Amino acid sequence: MIFRLGRFSRKIRSSSKDGITVTLDFFDDILIPSTKLQHPSRFIEAEQTWAWQYETDDETHDLVMDIGEEIRFRVVQEIFEDTAPKEMPNNNGSITQTTNDDDKKVPYTIIGSISEPGLGLKSWWIETS
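If you read the sequence shown in my numbering, its first letter stands for residue 200, the second for the next number, and so on.
Next comes the structure, spelled out in C-alpha coordinates:
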(Lines of atoms letter the chains of each structure in order from A and count residues from 1; the text may use other names and numbers.)
(Lines give C-alpha, C1' and ligand atoms only; values in the text may rest on other atoms or scores of the structure.)
Protein backbone atom coordinates (compact mmCIF):
# COMPACT_ATOMS: atom_id res chain seq x y z
CA MET A 1 0.00 0.00 0.00
CA ILE A 2 1.32 3.43 -0.91
CA PHE A 3 -0.16 6.68 0.36
CA ARG A 4 0.05 9.73 -1.81
CA LEU A 5 0.37 13.10 -0.19
CA GLY A 6 -3.10 13.82 1.13
CA ARG A 7 -5.24 14.14 4.24
CA PHE A 8 -6.42 11.21 6.33
CA SER A 9 -8.37 10.67 9.56
CA ARG A 10 -7.28 7.82 11.81
CA LYS A 11 -6.84 7.03 15.52
CA ILE A 12 -3.97 7.91 17.85
CA ARG A 13 -2.15 4.71 18.85
CA SER A 14 0.51 6.13 21.22
CA SER A 15 2.49 9.21 22.16
CA SER A 16 6.08 9.84 23.19
CA LYS A 17 8.43 12.80 23.34
CA ASP A 18 9.21 12.08 19.66
CA GLY A 19 5.61 12.65 18.58
CA ILE A 20 2.35 10.81 17.96
CA THR A 21 1.92 7.39 16.37
CA VAL A 22 -1.26 6.87 14.34
CA THR A 23 -2.82 3.52 13.46
CA LEU A 24 -4.82 2.29 10.49
CA ASP A 25 -5.53 -0.94 12.46
CA PHE A 26 -3.54 -2.95 9.90
CA PHE A 27 -0.60 -0.51 9.71
CA ASP A 28 1.01 1.30 12.66
CA ASP A 29 4.09 3.00 11.17
CA ILE A 30 2.62 6.48 10.85
CA LEU A 31 4.50 9.12 12.84
CA ILE A 32 3.56 12.73 13.42
CA PRO A 33 6.83 14.15 14.78
CA SER A 34 6.72 16.70 17.60
CA THR A 35 7.96 19.31 15.11
CA LYS A 36 4.86 18.72 12.93
CA LEU A 37 2.25 19.27 15.70
CA GLN A 38 0.16 22.43 16.12
CA HIS A 39 2.26 25.23 17.65
CA PRO A 40 2.74 25.59 20.51
CA SER A 41 2.35 22.03 21.78
CA ARG A 42 3.79 20.37 24.87
CA PHE A 43 4.37 16.79 25.98
CA ILE A 44 2.70 15.93 29.30
CA GLU A 45 5.15 13.44 30.78
CA ALA A 46 2.84 12.12 33.53
CA GLU A 47 0.10 11.27 31.02
CA GLN A 48 2.39 10.38 28.10
CA THR A 49 0.31 12.56 25.81
CA TRP A 50 0.60 15.76 23.79
CA ALA A 51 -1.44 18.94 24.23
CA TRP A 52 -1.85 21.86 21.87
CA GLN A 53 -1.61 25.05 23.93
CA TYR A 54 -4.45 26.91 22.26
CA GLU A 55 -4.44 30.62 23.03
CA THR A 56 -7.55 32.75 23.32
CA ASP A 57 -7.67 36.47 24.05
CA ASP A 58 -7.38 36.02 27.80
CA GLU A 59 -5.89 32.57 28.49
CA THR A 60 -4.27 29.39 27.18
CA HIS A 61 -6.11 26.06 27.03
CA ASP A 62 -4.49 22.61 26.79
CA LEU A 63 -6.24 20.66 24.04
CA VAL A 64 -5.08 17.15 24.93
CA MET A 65 -4.56 14.52 22.21
CA ASP A 66 -5.53 11.25 23.96
CA ILE A 67 -4.90 7.72 22.71
CA GLY A 68 -7.85 6.42 20.68
CA GLU A 69 -9.03 9.84 19.53
CA GLU A 70 -9.54 10.45 15.84
CA ILE A 71 -6.92 12.74 14.34
CA ARG A 72 -6.86 14.37 10.92
CA PHE A 73 -3.36 14.63 9.44
CA ARG A 74 -1.60 15.32 6.16
CA VAL A 75 0.99 12.95 4.72
CA VAL A 76 4.18 14.94 4.16
CA GLN A 77 6.70 12.17 3.52
CA GLU A 78 6.97 8.46 2.78
CA ILE A 79 10.14 6.64 3.80
CA PHE A 80 11.11 3.35 2.17
CA GLU A 81 13.99 1.34 3.70
CA ASP A 82 15.75 -1.59 2.05
CA THR A 83 15.47 -4.39 4.59
CA ALA A 84 16.61 -7.21 2.29
CA PRO A 85 19.28 -9.51 3.78
CA LYS A 86 22.84 -8.61 2.88
CA GLU A 87 25.04 -11.24 1.25
CA MET A 88 28.76 -11.55 1.94
CA PRO A 89 31.34 -14.10 0.79
CA ASN A 90 32.76 -16.27 3.58
CA ASN A 91 36.21 -17.89 3.86
CA ASN A 92 35.36 -20.92 1.70
CA GLY A 93 34.07 -18.78 -1.19
CA SER A 94 30.36 -19.39 -0.67
CA ILE A 95 27.83 -16.65 0.00
CA THR A 96 26.27 -16.20 3.43
CA GLN A 97 23.51 -13.86 4.49
CA THR A 98 24.33 -11.48 7.29
CA THR A 99 22.18 -9.72 9.83
CA ASN A 100 22.84 -6.23 11.08
CA ASP A 101 21.07 -3.10 12.21
CA ASP A 102 18.94 -3.19 9.04
CA ASP A 103 16.94 -5.98 10.70
CA LYS A 104 15.55 -3.35 13.07
CA LYS A 105 14.50 -0.98 10.27
CA VAL A 106 10.87 -0.59 9.32
CA PRO A 107 10.46 -1.06 5.55
CA TYR A 108 7.83 1.67 5.12
CA THR A 109 7.06 4.68 7.32
CA ILE A 110 4.64 7.54 6.77
CA ILE A 111 5.43 10.97 8.22
CA GLY A 112 2.42 13.17 8.90
CA SER A 113 1.73 16.72 10.00
CA ILE A 114 -1.07 18.47 11.88
CA SER A 115 0.52 21.94 11.88
CA GLU A 116 -2.11 23.55 9.65
CA PRO A 117 -5.63 24.89 10.21
CA GLY A 118 -8.23 22.11 10.03
CA LEU A 119 -5.77 19.39 11.05
CA GLY A 120 -5.51 17.71 14.44
CA LEU A 121 -8.30 16.15 16.48
CA LYS A 122 -11.58 16.12 14.59
CA SER A 123 -13.28 17.45 17.74
CA TRP A 124 -11.31 20.71 17.42
CA TRP A 125 -12.93 21.75 14.16
CA ILE A 126 -16.47 22.42 12.99
CA GLU A 127 -17.45 20.15 10.10
CA THR A 128 -18.85 21.95 7.06
CA SER A 129 -20.78 20.23 4.32
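Using N, Cα and C, we set each Cβ at its ideal position, and we do this for glycine too.
Bear in mind the structure is a predicted one, so any value in this text is a computation, not a measurement.
When secondary structure is reduced to three states using DSSP, Thr259 falls in the strand class.
Taking Arg209 as the centre and dropping the five residues before and after it, the same chain places the C-beta of Val221, Thr222, Leu223, Ile229, Glu269, Ile270 and Phe272 closer than 8 angstroms to its C-beta, in chain order.
Rounded to whole angstroms, the separation of the alpha carbons of Ile231 and Arg212 is 11 angstroms. Cα atoms of Ser312 and Pro239: separation of roughly 14 angstroms, rounded to the nearest angstrom. Excluding five sequence positions before and after Phe242, the CB atoms of its chain that fall closer than 6 angstroms to its own CB belong to Lys216 and Trp249, given in chain order. Between the segment 302 to 310 and the segment 249 to 262, the count of Cβ pairs shorter than 8 angstroms is below three; the stretches do not touch. Within the DSSP secondary-structure output, Arg271 pairs in a beta bridge with Ser208 and Gly319.
Remark: C-beta atoms of Val274 and Ile219 do not approach each other more closely than 8 angstroms.
DSSP, reduced to helix, strand and coil, places Thr220 within a strand of the structure shown. In this structure, the beta-carbon distance from Ser314 to Gln247 does not fall below 8 angstroms. For Ser213, the beta-bridge partners assigned by DSSP are Thr220.
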